[in-house]
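Residue numbers (the working numbering): 44 to 537.
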């Protein structure tokens, strides 16, 4: 692999020499004399330039035969902005890989979900990540395992399963090959006799600064579903059901570490890698603020707003079906009205938490539970009930797969075939549930008013204006929505 074609080697070495945190996760340095690869912020002595090879991903470094550094811990680096804002197929593929698409499935099936050929998928991965899809999946499993080994007291058998390994033997072999040590020898000594007493799992999830935590929390707080989610004391909490595990997740901000602190308190073998992938989507941790600023910062409409919202993130969702339901409930009603309807729906057909605490009392209903629930008498019109039932039935049967596989256009086209879901709702779901950064509901009243300086412009005029904002139209929409005055009138407030 010609790494020189992927990265500007001189620029990378200057960033490495300066320990420039802005480049953390953008590239990794392979050191020929040690056989180790590091983050550009590694505290180790800077190697000579002739001993360095710079690659765009941890997978590329591992495929070249380099071992992960135990000091700077590449597994905690923020995600590489691999698609550089242009190749959405790579972004979708990475999200599917993080949810286990290649743990048991094949590259052929992954390519089919993306609607592209296997060879094309391979070319895109080599171009943007310097490694094949299988190598990337193996690397992400390994890095997830390393983080679980280091930061948790989970039994190693559970670490292997949570990281996506299909057997303990494969897990042991992969760790030994990558680090030259057994998994148990990588584990830090317990901090005390009670270190294993708690079943909770604590992790750190890195991001690329700046990060506007207050804005994200404010957005989520106004839309939190009572009983399922709660924002309090600068912390986000929610219930979850995933992979046979149930429990409560707590997320807070650790700005000094450029990361979010996550606590997973659950029963059953928690699918930690899937939970982490969903949290990364919920808080948009893969965002590249520098690229977004380059694209939007000089725009006369968006530039001043972006200056006031440095570190902008698109608040996503932990559970795509939950967000889709909330979007349907929020059609043509206020934020408060949609929240009230969501609370009634959860009370009617959600499953109570056995030991709920801190106001978290229910799990959001699954598609199967909602499809068979009786929804009359909670303030919904007949048309809205039909739309929710149809959505639930489609998701339960697999006819509507709320995963980031299809292109934005195909995802929207499929969603609008469901009763009660139009272009606005489909784009909103694509933006927050599927992680599509270019989703843009141009018919939204709030967006049209903001773009027109208070007087709404026509949707087609807004679409023409938004062409200059690609491929970050979703961030543009959020900037326009979250202006205080316009947030009250936007139909996208759901």
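Beta carbons are placed, not taken as given, at the ideal position from N, Cα and C, and that holds for glycine.
Computed from a predicted structure; not experimentally measured.
- Quick one: grab the DSSP three-state call for residue 274. Residue state, collapsed to three classes: strand.
- Message: Give me the residue from 83, 344, 112 and 358 with the minimum Cα distance to residue 261.
- Response: Across the set 83, 344, 112 and 358, the C-alpha of 358 shows the shortest separation from the C-alpha of residue 261.
- Could you pull out every residue in the same chain whose Cβ sits closer than 6 Å to the Cβ of residue 105, ignoring the five residues on either side in sequence? Around residue 105: 182.
- Message: For the ligand ADP, is there any heavy atom lying closer than 8 Å to the beta carbon of residue 54?
- Response: Questions concerning the ligand ADP fall outside what the structure shown contains, since it holds no ligand whatsoever.
- Validate contact between the segment 484-500 and the segment 186-196 using beta carbons, cut 8 Å, 3 pairs: No, the segment 484-500 is not in contact with the segment 186-196.
- Compute the Euclidean distance between the alpha carbons of residue 318 and residue 151, then round it to the nearest angstrom. Residue 318 and residue 151 have their C-alpha atoms spaced approximately 25 Å apart.
- Selection from 497, 400, 475 and 385 that minimises the alpha carbon distance to residue 323: Selected option, being the one with the closest Cα: 475.
- Task: Provide the residue span of the alpha helix (DSSP H) that contains residue 214, from first to last.
- Result: Note, residue 214: alpha helix (DSSP H), 211-222.
- Measure the alpha-carbon distance for residue 419 versus residue 155 and round it to whole angstroms. In this model, residue 419 and residue 155 are separated by some 40 Å (Cα to Cα).
- Task: Ignore the nearest five residues each way along the sequence and tell me which others in residue 428's own chain have a CB closer than 6 Å to its CB.
- Result: Excluding positions up to five away in sequence, the list reads 418.
- Hey, is the segment 77-87 in contact with the segment 104-121, meaning 3+ C-beta pairs nearer than 8 Å? By the Cβ test, the segment 77-87 is in contact with the segment 104-121, since at least three Cβ pairs between them sit closer than 8 Å.
- What are the partner residues of residue 453, as DSSP defines its beta bridges? DSSP output for residue 453 lists no bridge partner at all.
- Message: With DSSP as the reference, identify every bridge partner of residue 96, one or two as the case may be.
- Response: DSSP, once it has assigned bridges, lists 73 as partnering residue 96.
- Provide the residue(s) that pair with residue 308 in DSSP beta bridges, ordered along the chain. According to DSSP, residue 308 shares a beta bridge with 291.
- Query: Which residue or residues does DSSP assign as beta-bridge partners of residue 406?
  - Reply: For residue 406, the beta-bridge partners assigned by DSSP are 394.
- Message: I'd like the list of long-range same chain contacts for residue 253, defined as Cβ closer than 8 Å, with 5 residues on each side in sequence excluded.
- Response: Within the same chain, residue 253 has close Cβ partners 332, 353 and 354.
- Check whether the Cβ atoms of residue 316 and residue 205 sit closer than 9 Å, and answer yes or no. Closer than 9 Å, so yes.
- Which value, in whole angstroms, describes the spacing of the CA atoms of residue 255 and residue 356? Using only the alpha carbons, I get a separation of about 7 Å.
- Since residue 249 is in the beta strand (DSSP E), which residue starts that stretch and which ends it? Per DSSP, residue 249 belongs to the beta strand (DSSP E) from 244-249.
- Can you give, in chain order, each stretch of the alpha helix (DSSP H) that sits fully within the segment 110-196 and has at least 4 residues? Listed in chain order, the complete alpha helix (DSSP H) runs (minimum 4 residues) inside the segment 110-196 are 131-141, 150-157, 161-172 and 176-194.
- Query: Quick one: what's got a C-beta closer than 6 Å to residue 416's C-beta in the same chain, skipping five residues either side?
  - Reply: If we look at residue 416 and ignore the five residues flanking it on each side, its Cβ neighbours are 392.
- By how many angstroms is the C-alpha of residue 59 removed from the C-alpha of residue 298? Cα to Cα, the separation comes out at about 22 Å.
- Task: Within the same chain, show all residues whose beta-carbon is closer than 8 Å to that of residue 516, passing over the 5 residues directly before and after it, in chain order.
- Result: Non-local beta-carbon contacts of residue 516 in its own chain, meaning distances under 8 Å to residues more than five positions away in sequence, involve 480, 481, 482, 483 and 509 in chain order.
- Message: Between residue 79 and residue 110, how many whole angstroms is the CB-CB distance? I'm expecting something under 8 Å.
- Response: Right, the Cβ-Cβ distance comes to about 5 Å (below 8 Å), so this counts as a contact.
- Message: Quick check on the burial criterion: 16 or more other C-beta atoms within 10 angstroms. Buried or exposed for residue 341?
- Response: It counts as exposed.
- Task: Could you round the C-beta distance between residue 471 and residue 370 to whole angstroms and report it? I think they count as a contact, below 8 Å.
- Result: Yes, they are in contact, since the Cβ atoms of residue 471 and residue 370 sit about 5 Å apart, within 8 Å.
- Task: Note down the Cα distance separating residue 266 from residue 424, rounded to an integer number of angstroms.
- Result: Between residue 266 and residue 424, the alpha-carbon positions lie close to 21 Å from each other.
- With residue 363 and residue 477 assumed to form a contact (beta carbons below 8 Å), what rounded beta-carbon distance in angstroms separates them? The pair is a contact, with the Cβ atoms about 7 Å apart (cut-off 8 Å).
- Message: Spatial neighbours of residue 149 within its chain, please: C-beta separation below 7 Å, excluding the five flanking residues on both sides.
- Response: Closer than 7 Å at the Cβ level, and outside the excluded window around residue 149, lies no residue.
- How many angstroms separate the CA atom of residue 17 from the CA atom of residue 220? It is not possible to answer for residue 17, since the shown part of the chain is limited to 44 through 537.
- Query: Which whole-angstrom value is the C-beta distance of residue 396 and residue 388, which I expect to be below 8 Å?
  - Reply: About 16 Å; that fails the 8 Å criterion.
- Exposure label - residue 531; buried when at least 16 CB within 10 Å: Residue confidence is low: residue 531 scores 37 on pLDDT, short of 50, so the model does not pin down where it sits. No coordinate-derived value is stated.
- The beta strand (DSSP E) enclosing residue 81, as first and last residue numbers: Run containing residue 81: 79-81, per the beta strand (DSSP E) assignment.
- Message: I'd like to check one pair, residue 250 with residue 328: are the Cβ atoms closer than 9 Å?
- Response: Cβ distance < 9 Å, so residue 328 and residue 250 count as in contact.
- Message: Classify residue 225: buried if its beta carbon has 16 or more other beta carbons within 10 angstroms, exposed otherwise.
- Response: Exposed.
- Message: With DSSP as the reference, identify every bridge partner of residue 303, one or two as the case may be.
- Response: Bridge partners of residue 303: 248 and 296.
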